[in-house]
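Student: What follows is a structure written as structure tokens; I'll ask about it next.
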Amino acid sequence: MRASFRVKGGADANLPPPGGSAARPLMPASPPAPAPPPPNPAAAPPPARLHECAGCGQVQRVPHLHPGEAARCRRCDGMLRQGRADPLGRGLALGLAALVLLGIACVATLMQVSTVGMVRATDLLEAPEAMGASGLWVLTAVVLGATVVAPVLRLSALCTVLAGLRLARPPRLLRRLFTLSERLRPWAMAEVMLLGVLIAYSKLVDLVHVDIGVALYALGLLVLLTVAAEVALDPHAVWEEMERRGVPPLRIDHHAPLRAAEGVVGCHVCGLVCLPEEHDRPCPRCGSRLHPRKPDALARAWALLIAGAILYVPANAYPVMQVIQLGAGQPSTILGGVVELMEGGLYPLAALVFVASVVVPVLKLLGLAVLLVACQRGARGRLRDRTRLYGAVNFIGRWSMIDIFMETILVALVQFGAVVRILPGPGAVAFCAVVILTMLAAESFDPRLMWDSAGANGPAAAARIRRR
Ligand SMILES: [Zn+2]
Ligand SMILES: [Zn+2]
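Now the structure itself:
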């Protein structure tokens with residue numbers, strides 16, 4: 001087999017088959033390339049591996065990448081893999097530092113406010129409780145889950161995996177822990193919380209005296225370290241190291257899928273490309289169940305999307321917050337909050353909240369609906385653009401939580417009895433549900449189905465989607 005990948009900033013490169021074996025092509029035919037030089041086992045780089053593009057379903061061989069190199073899908077231009085220098089060592093160092101900062105951010109004071117001799121302070125662990133005190137316990141659970149539980153679990157699991165791989169005999173549990181860490185990735189929202197806290201600060205300075213606590217600096221550093229850890233860590237390298245160290249209970253034959261004509265199955269979690277007959281069995285590397293495409297992707301995405309669209313109405317119609325100053329106060333909706341920010345002259349923040357809370361949810365709902373309709377109609381046009389649109393919808397979803405996090409901080413801090421109080425409104429619960437439902441809808445959808453229905457992945461894939 002001869003397949004190609006695209007290296008960042010360079011031309012397409014053709015790869016020789018491992019050991020010169022003549023497997024049947026999984027890729028469209030490429031022009032003939034010169035014969036490979038005779039193998040020299042001592043100087044041989046790590047072998048090329050098969051990757052299934054998560055955006056279009058094209059299976060491609062990706063060679064060992066040097067730091068700074070990247071392999072992109074030659075069909076949809078999606079990122080297949082990026083070469084990193086010491087991905088495991090740097091990932092562990094940055095992950096441990098982030099975990100320490102998260103501990104500080106959880107227990108130290110985030111912000112302290114005072115007015116007419118009364119003082120109130122809050123931290124990341126305590127702030128969500130105030131929502132529960134107003135009866136909205138569901139928001140307490142969501143905020144605590146997204147800002148404390150998910151980041152702590154994700155970072156702890158990641159650090160345990162990377163440290164465990166340094167042991168002489170790494171335990172089998174590591175693959176479950178790394179699966180958990182990868183699944184929690186979209187739900188750990190420390191960086192969204194940071195923006196929420198900063199917007200809350202801008203709103204509070206007009207109302208009361210505000211002192212910033214150590215936890216806010218820790219949260220800022222934590223966001224920087226989390227981004228650095230994301231850049232440093234190559235998840236494929238972690239799975240390959242587990243395989244090398246014998247963590248999976250089975251020996252994995254990477255050459256077998258090369259001989260399959262079509263219908264190979266790419267694992268959703270670890271990316272291992274398996275034989276078609278392994279469909280519906282546990283992945284030999286990570287243990288997750290293998291499916292050619294996400295199960296019931298279209299039906300699940302539609303159900304979640306429709307539920308999100310219905311809840312978008314009460315999210316905007318009902319107040320999300322109420323500021324009661326000296327016994328009087330008007331409830332304010334999401335749009336009302338944007339208008340208040342504009343009246344206070346905070347135009348950049350007003351624009352940010354408007355985009356995150358109004359534009360993004362609408363774009364997500366409309367964007368996903370367009371993708372689903374086009375997929376079901378078997379549209380063949382703009383497949384690359386639609387795949388990019390899906391990537392954008394999937395990426396921006398979590399940022400709409402800014403409004404909920406800002407409100408959590410405001411409600412936790414501004415509780416000064418008859419002088420001034422901030423209470424949450426029922427619209428906040430509906431809005432939070434819209435964000436979560438649209439995130440789940442985007443995750444349930446499988447962009448490879450768009451390429452299947454357009455006939456780009458062969459007749460078997462097209463027939464599978466027609467049966468849905
Ligand atoms: Zn692709
Ligand atoms: Zn797997």
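All residue numbers for the sequence shown refer to the numbering used here, where the first residue is 1 and numbers rise by one.
Quick reminder that beta carbons are idealized off the backbone N, C-alpha and C, glycines included.
1) Beta carbon of residue 50: closer than 7 Å to some heavy atom of ligand 2?
2) Taking 8 Å as the threshold (beta carbon to beta carbon), is residue 70 in contact with chain B?
3) With respect to 7 Å, is the separation between the Cβ of residue 455 and the closest non-hydrogen atom of ligand 1 below this value?
4) Under a Cβ-count criterion, where at least 16 other Cβ atoms within 10 Å of its own Cβ denotes burial, should residue 167 be classed as buried or exposed?
5) Identify, in the order they occur along the chain, each residue of the same chain with its Cβ nearer than 6 Å to the Cβ of residue 122, setting aside the five sequence neighbours on each side.
6) Suppose the cutoff is 8 Å on Cβ atoms and the five residues either side in sequence are ignored; what does the same chain contact list for residue 338 look like?
7) According to the Cβ coordinates, are residue 191 and residue 147 closer than 8 Å?
8) Identify which residue in 361, 73, 330 and 152 has its Cα closest to the Cα of residue 310.
9) Please identify the residue among 291, 440, 378 and 418 whose C-alpha is closest to the C-alpha of residue 365.
10) Are the stretch 171-187 and the stretch 73-93 touching by the rule of at least three beta carbon pairs closer than 8 Å?
11) Could you give the distance in angstroms between the alpha-carbon of residue 282 and the alpha-carbon of residue 289?
12) Using 10 angstroms around the beta-carbon of residue 395, count the other beta-carbons present and answer buried if the total reaches 16, otherwise exposed.
13) So, residue 223 versus residue 194, is the Cβ gap smaller than 8 Å?
14) Compute the Euclidean distance between the alpha carbons of residue 274 and residue 264, then round it to the nearest angstrom.
15) How about residue 220 and residue 406: are their beta carbons less than 8 Å apart?
16) Nearest to residue 61 by CA position, among 450, 47, 322 and 428, is which residue?
17) Taking the C-alpha atoms as reference points, what is the distance between residue 401 and residue 187?
18) Which residues count as close to ligand 2 when the rule is a CB under 6 Å from any of its heavy atoms, in chain order?
19) For the alpha helix (DSSP H) holding residue 376, just list the boundary residues, first then last.
20) Evaluate the contact criterion for the stretch 289-306 versus the stretch 383-393: three or more CB pairs, one atom per stretch, below 8 Å.
21) Mind listing, in chain order, the continuous beta strand (DSSP E) runs of no fewer than 3 residues lying wholly within the stretch 205-240?
22) Return the Cβ separation of residue 169 and residue 415 in integer angstroms, given the expectation that the two are a contact with Cβ distance under 8 Å.
23) Any heavy atom of ligand 1 closer than 7 Å to the Cβ of residue 375?
24) Just checking residue 380 against ligand 1 - is the residue's beta carbon closer than 7 Å to any of the ligand's heavy atoms?
25) Residue 448 and residue 324: beta carbons closer than 8 Å?
26) Identify whether residue 263 lies in helix, strand or coil by the three-state DSSP scheme.
27) List, from N- to C-terminal side, the alpha helix (DSSP H) runs of 4 residues or more that fit wholly inside the stretch 259-322.
28) State the Cα-Cα distance for the pair residue 426 and residue 403, rounded to the nearest angstrom.
29) If distances are taken between C-alpha atoms only, which option among 267, 164 and 63 comes closest to residue 247?
30) List, from N- to C-terminal side, the alpha helix (DSSP H) runs of 4 residues or more that fit wholly inside the stretch 88-148.
31) Which residues count as close to ligand 1 when the rule is a CB under 6 Å from any of its heavy atoms, in chain order?
32) Can you tell me whether DSSP reads residue 354 as helix, strand or coil?
33) Terminal residues of the continuous alpha helix (DSSP H) containing residue 409?
34) Using the Cβ count rule (16 or more neighbours within 10 Å means buried), how would you classify residue 95?
35) Any contact of the stretch 367-380 with the stretch 297-305, i.e. 3+ C-beta pairs under 8 Å?
36) Quick check on residue 252: buried or exposed, where buried means 16 or more other Cβ atoms within 10 Å of its Cβ?
Tutor: According to the structure data:
1) Position 50 of the sequence shown, counted from the start, is the residue given in the question as residue 50. Distance from the C-beta of residue 50 to the nearest heavy atom of ligand 2 is not below 7 Å.
2) Looking at the structure shown, chain B is missing, and only one protein chain is on hand.
3) Walking along the sequence shown from the start, residue 455 turns up at place 455. It does not: the Cβ of residue 455 is nowhere closer than 7 Å to a heavy atom of ligand 1.
4) Position 167 of the sequence shown holds residue 167. Looking at its Cβ environment, which holds fewer than 16 other Cβ atoms inside 10 Å, residue 167 is exposed.
5) As a position in the sequence shown, residue 122 is number 122, starting the count at 1. Here the set comprises 110, 412 and 413.
6) Along the sequence shown, one-based indexing puts residue 338 at 338. Excluding residues within five positions, the ones whose Cβ falls inside 8 Å are 350, 353, 354, 357 and 358.
7) Working through the sequence shown from its first residue, we reach residue 191 at position 191. Working through the sequence shown from its first residue, we reach residue 147 at position 147. Cβ distance not < 8 Å, so residue 191 and residue 147 don't count as in contact.
8) As a first step, residue 310 must be located in the sequence shown, where it is residue number 310. Comparing Cα-Cα distances from residue 310 to each of 361, 73, 330 and 152, the minimum goes to 361.
9) To locate residue 365, count along the sequence shown from 1; it is residue 365. Measuring from the Cα of residue 365, the nearest candidate turns out to be 440.
10) Touching, no.
11) Looking up residue 282 in the sequence shown gives position 282. Looking up residue 289 in the sequence shown gives position 289. Our two residues, residue 282 and residue 289, have alpha carbons roughly 4 Å apart in a direct line.
12) As a first step, residue 395 must be located in the sequence shown, where it is residue number 395. Taking all protein chains in view, the Cβ of residue 395 is surrounded by fewer than 16 other Cβ atoms within 10 Å, so the residue is classified as exposed.
13) The sequence position of residue 223 within the sequence shown is 223, counting from 1. The sequence position of residue 194 within the sequence shown is 194, counting from 1. Yes; because the gap between Cβ atoms is below 8 Å, this pair is in contact.
14) For the purposes of this step, residue 274 is taken as the residue at position 274 of the sequence shown. For the purposes of this step, residue 264 is taken as the residue at position 264 of the sequence shown. Looking at the two C-alpha atoms, the distance is approximately 6 Å.
15) Stepping through the sequence shown from its first residue, residue 220 is reached at position 220. Stepping through the sequence shown from its first residue, residue 406 is reached at position 406. Pairing residue 220 with residue 406 gives a Cβ-Cβ distance that is not under 8 Å.
16) The residue labelled residue 61 in the question sits at position 61 within the sequence shown. Closest by alpha carbon: 47.
17) As a position in the sequence shown, residue 401 is number 401, starting the count at 1. As a position in the sequence shown, residue 187 is number 187, starting the count at 1. Each residue's alpha carbon lies about 11 Å from the other.
18) Here the residues come out as 267, 269, 270, 272, 283, 285, 286 and 288.
19) Position 376 of the sequence shown holds residue 376. Membership of residue 376 in the alpha helix (DSSP H) is indicated by the continuous run 360-376.
20) Not touching, per the Cβ criterion.
21) Restricting attention to beta strand (DSSP E) runs no shorter than 3 residues, the stretch 205-240 encloses them at 209-212, ordered along the chain.
22) One-based indexing of the sequence shown puts residue 169 at position 169. One-based indexing of the sequence shown puts residue 415 at position 415. With 8 Å as the limit, residue 169 and residue 415 do not qualify as a contact, their Cβ atoms being about 53 Å apart.
23) As a working note, residue 375 is residue 375 in the sequence shown. No heavy atom of ligand 1 is found nearer than 7 Å to the CB of residue 375.
24) Sequence index remark: in the sequence shown, residue 380 carries index 380 (1-based). Checking every heavy atom of ligand 1 against the Cβ of residue 380, none is found closer than 7 Å.
25) If you number the sequence shown from 1, residue 448 lands on position 448. If you number the sequence shown from 1, residue 324 lands on position 324. Not closer than 8 Å, so no.
26) Taking the sequence shown and counting its residues from 1, one reaches residue 263 at position 263. Of the three classes helix, strand and coil, the one that applies to residue 263 here is coil, per DSSP.
27) Considered as a whole, the stretch 259-322 harbours 297-317 as its complete alpha helix (DSSP H) runs of no fewer than 4 residues, in chain order.
28) As a first step, residue 426 is located in the sequence shown; it is residue number 426 there, counting from the start. As a first step, residue 403 is located in the sequence shown; it is residue number 403 there, counting from the start. Residue 426 and residue 403 have their C-alpha atoms spaced approximately 14 Å apart.
29) Reading the sequence shown from its first residue, position 247 is the one you call residue 247. It is 164 whose Cα lies nearest to the Cα of residue 247.
30) List check, alpha helix (DSSP H) in window: 129-133 and 137-144.
31) Going down the chain, each residue whose beta-carbon is closer than 6 Å to a heavy atom of ligand 1 shows up: 53, 55, 56, 58, 73, 75, 76 and 78.
32) As a working mapping, residue 354 is identified with position 354 in the sequence shown. Assignment of residue 354 by DSSP, reduced to helix, strand and coil, places it in the helix class.
33) If you number the sequence shown from 1, residue 409 lands on position 409. That run of the alpha helix (DSSP H) goes 402-413.
34) Along the sequence shown, one-based indexing puts residue 95 at 95. Counting the other Cβ atoms within 10 Å of the Cβ of residue 95 gives 16 or more, which makes it buried.
35) Result yes; three or more Cβ-Cβ pairs closer than 8 Å.
36) Taking the first residue of the sequence shown as 1, we reach residue 252 at position 252. Exposed: under 16 other Cβ atoms inside 10 Å.
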